[in-house]
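According to our numbering, the residues represented by the sequence shown are 187 to 284, in order.
Cβ atoms here follow ideal geometry from the backbone N, Cα and C, with glycine treated the same way.
Because the structure is a prediction, the values reported are computed rather than measured.
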Amino acid sequence: MKYILTEDQYERLLNASRKRHAKDPERNVKSGMFNFNGHLVKYSIVNRKEEFVYANYEYEGDRKMAYIMRDEDFIQLDKKEQENRIEHSIKKHIEKLK
Numbered sequence: 187m188k189y190i191l192t193e194d195q196y197e198r199l200l201n202a203s204r205k206r207h208a209k210d211p212e213r214n215v216k217s218g219m220f221n222f223n224g225h226l227v228k229y230s231i232v233n234r235k236e237e238f239v240y241a242n243y244e245y246e247g248d249r250k251m252a253y254i255m256r257d258e259d260f261i262q263l264d265k266k267e268q269e270n271r272i273e274h275s276i277k278k279h280i281e282k283l284k
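Structure below.
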């Protein structure tokens, strides 16, 4: 599915996101860690081509990259929802690789 946004719509989305996260020192999750199957998973967030959000993560000594979602959708989530989405996507990616 493709979304087509005008420049004006994109600016409004960006401004709405900034207002929602104005009280947070950091608007978006940049990195973190969580426990999965008794192993510590460390991750950091990267934007690819300004359109997609990926997570570089380390699990059992291996470094991998997992797709999270489109950047426009990601910035609309609050910080807790972003963390939940990241963890869910990484867990699915790990299970898919096994």
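Spatial neighbours of Ser230 within its chain, please: CB distance less than 6 Å, with the 5 preceding and 5 following residues excluded, ordered by chain position.
Ser217 and Asn242, listed in sequence order.
Roughly how many angstroms separate the alpha carbons of His225 and Asn201, rounded to a whole number?
Those two C-alpha atoms are separated by around 38 Å.
Do you know offhand how far Pro211's Cα is from Lys265's?
For Pro211, the predicted structure reports a pLDDT of 48, less than 50, and the residue's modelled location is therefore unreliable. A value from the coordinates is still provided. Using only the alpha carbons, I get a separation of about 11 Å.
Where are the alpha helix (DSSP H) runs, 4 residues long or more, that stay fully inside the segment 241–276, in chain order?
As far as the segment 241–276 is concerned, its whole alpha helix (DSSP H) runs of at least 4 residues are 257–260.
Taking Asn221 as the reference, which of Glu246, Arg256 and Met251 has the closest Cα?
The shortest C-alpha separation from Asn221 is found at Glu246.
Quick check on the burial criterion: 16 or more other C-beta atoms within 10 angstroms. Buried or exposed for Leu263?
Classification of Leu263: buried, given that the 10 Å Cβ count is 16 or more.
Starting from the C-beta of Asn233, find all residues in its chain whose C-beta is less than 7 Å away, skip the five residues before and the five after it, and write them out in chain order.
Val239 and Asp257.
Between the C-alpha atoms of Ala252 and Asp194, what's the straight-line distance to the nearest angstrom?
If I take the Cα positions, the gap works out to 30 Å.
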